[in-house]
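Peer 1: This is the structure, below, for whatever I ask next.
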Amino acid sequence: MLVLLDLSAAFDTIGQDCLLDRLQTQFGIKGVALIWLSSYMSERSQAVQINPTSVSSSTCLQFGVPQGSVLRPVLFTPYTAPLSDIIKAHGMVFHLYANDTQLYISAKPGEELSTTSSMNTC
Numbered sequence: 001m002l003v004l005l006d007l008s009a010a011f012d013t014i015g016q017d018c019l020l021d022r023l024q025t026q027f028g029i030k031g032v033a034l035i036w037l038s039s040y041m042s043e044r045s046q047a048v049q050i051n052p053t054s055v056s057s058s059t060c061l062q063f064g065v066p067q068g069s070v071l072r073p074v075l076f077t078p079y080t081a082p083l084s085d086i087i088k089a090h091g092m093v094f095h096l097y098a099n100d101t102q103l104y105i106s107a108k109p110g111e112e113l114s115t116t117s118s119m120n121t122c
């Protein structure tokens, strides 16, 4: 059985504090590298412009990783590390890249119901 997952708005929903904490505690990123990543994600804002005279007020972004950078999918991988642990605990084979996940589970003839149940439990 193959299940394909594509997390919508994945990069825009990354909790920056959670990501930085995970990078430090689980992946050992510290010092200048962690400070740089924190700076890279902090103090960003956005506004919407409909035409040259109609611009919304600027709002500070607390979530997400900046667009247009190779770091976007790279930073998403450690953010979703707990997902890997959950999938492994249910005995499935999987591939993750950024917001795309492929789950695989095989079954012998007659064991399809058990396989489907394992997938649903996960």
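With the working numbering applied, the sequence shown covers 1 to 122.
Ideal Cβ positions, reconstructed from N, Cα and C, are used throughout, including at glycine.
All values derive from a computational prediction rather than experimental measurement.
Can Q16 and Q62 be called in contact, C-beta distance under 8 Å?
Peer 2: Result yes, Cβ atoms of Q16 and Q62 sit closer than 8 Å.
Peer 1: Going by CA-CA distance only, name the one from D100, L96, G91 that's closest to A107.
Peer 2: G91
Peer 1: Could you check what DSSP says for V74 in three-state terms: helix, strand or coil?
Peer 2: helix
Peer 1: CA-CA distance, P73 and S57?
Peer 2: 29 Å
Peer 1: Tell me the rounded alpha-carbon separation between S8 and M1.
Peer 2: 22 Å
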